[in-house]
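Here the sequence shown is numbered in the numbering used here, starting from 147 and rising by one per residue.
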Amino acid sequence: MNRPSPADLAAAHGRTIPDVIAPDLAVLFCGINPGLWSAATGHHFARPGNRFWPALYRGGFTPRQLRPDEQAELLAYGLGITNVAARGTARADELTGMELVAGVATLRAKVDRYRPRWLAVLGIGAYRTGFGRRDAVVGPQPERVGGTRIWVLPNPSGLNAHVTPDKLAAQFAALRGAVEHPADL
Numbered sequence: 147m148n149r150p151s152p153a154d155l156a157a158a159h160g161r162t163i164p165d166v167i168a169p170d171l172a173v174l175f176c177g178i179n180p181g182l183w184s185a186a187t188g189h190h191f192a193r194p195g196n197r198f199w200p201a202l203y204r205g206g207f208t209p210r211q212l213r214p215d216e217q218a219e220l221l222a223y224g225l226g227i228t229n230v231a232a233r234g235t236a237r238a239d240e241l242t243g244m245e246l247v248a249g250v251a252t253l254r255a256k257v258d259r260y261r262p263r264w265l266a267v268l269g270i271g272a273y274r275t276g277f278g279r280r281d282a283v284v285g286p287q288p289e290r291v292g293g294t295r296i297w298v299l300p301n302p303s304g305l306n307a308h309v310t311p312d313k314l315a316a317q318f319a320a321l322r323g324a325v326e327h328p329a330d331l
């Protein structure tokens, strides 16, 4: 994957990228919004240092660590990726609360259409704001979207330094356990 130039990154502000999605997935991972690196390359979680791909592998979802440019391979594992807000920004805190709430309305429609078993929202703050659940914590949520269960994971951005790679992988592994053994929850 080629490294975007500073001009490429500047031009990516506000750009959207396509979802990796199909009907009846085991898990639809939902980022907050594309970062500029992702918006410039068209690949989810593309910025070097983003810990999504390592956590996905270490959590047991994939047999090897995929690269962002291999994101379409997720579908073969029953996995997909979307975002709460579609527009690319340098930082998630550039989004307004209204954008997150509107993004969740779009997300709910997507989930109703594609019917994943689990929706994994990557970012507790975005979940709290977008879903209106101020007291939510990381892990399984009591709320559902139709028949889809919701699990909140920490944001895998390298900027979320208080969540170590080991803790992030453990959270992904906990979700993997729930996917494999839903009656245990």
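Glycine residues also receive a C-beta, built at the ideal position from the N, C-alpha and C atoms.
Less than 8 Å between the beta carbons of residue i and residue j, yes or no?
| i | j | result |
| --- | --- | --- |
| residue 260 | residue 163 | no |
| residue 234 | residue 188 | no |
| residue 292 | residue 257 | yes |
| residue 302 | residue 201 | yes |
| residue 248 | residue 176 | no |
| residue 273 | residue 309 | no |
| residue 225 | residue 173 | yes |
| residue 318 | residue 207 | yes |
| residue 229 | residue 179 | yes |
| residue 158 | residue 186 | yes |
| residue 243 | residue 275 | yes |
| residue 182 | residue 236 | yes |
| residue 311 | residue 270 | no |
| residue 315 | residue 204 | yes |
With a 10 Å radius around its C-beta and 16 neighbouring C-beta atoms as the bar for buried, classify residue i as buried or exposed.
| i | result |
| --- | --- |
| residue 184 | buried |
| residue 295 | buried |
| residue 193 | buried |
| residue 211 | exposed |
| residue 255 | exposed |
| residue 169 | exposed |
| residue 278 | exposed |
Return the CA-CA distance between residue i and residue j, expressed in angstroms with no decimal places.
| i | j | result |
| --- | --- | --- |
| residue 223 | residue 196 | 21 Å |
| residue 268 | residue 241 | 15 Å |
| residue 327 | residue 153 | 47 Å |
| residue 262 | residue 250 | 15 Å |
| residue 148 | residue 199 | 17 Å |
| residue 151 | residue 213 | 19 Å |
| residue 165 | residue 330 | 30 Å |
| residue 281 | residue 289 | 13 Å |
| residue 155 | residue 215 | 17 Å |
So for residue i, helix, strand or coil by DSSP?
| i | result |
| --- | --- |
| residue 254 | helix |
| residue 228 | strand |
| residue 286 | strand |
| residue 266 | strand |
| residue 235 | strand |
| residue 182 | helix |
| residue 277 | helix |
| residue 171 | coil |
| residue 202 | helix |
| residue 293 | coil |
| residue 271 | helix |
| residue 177 | strand |
| residue 298 | strand |
| residue 166 | strand |
| residue 187 | helix |
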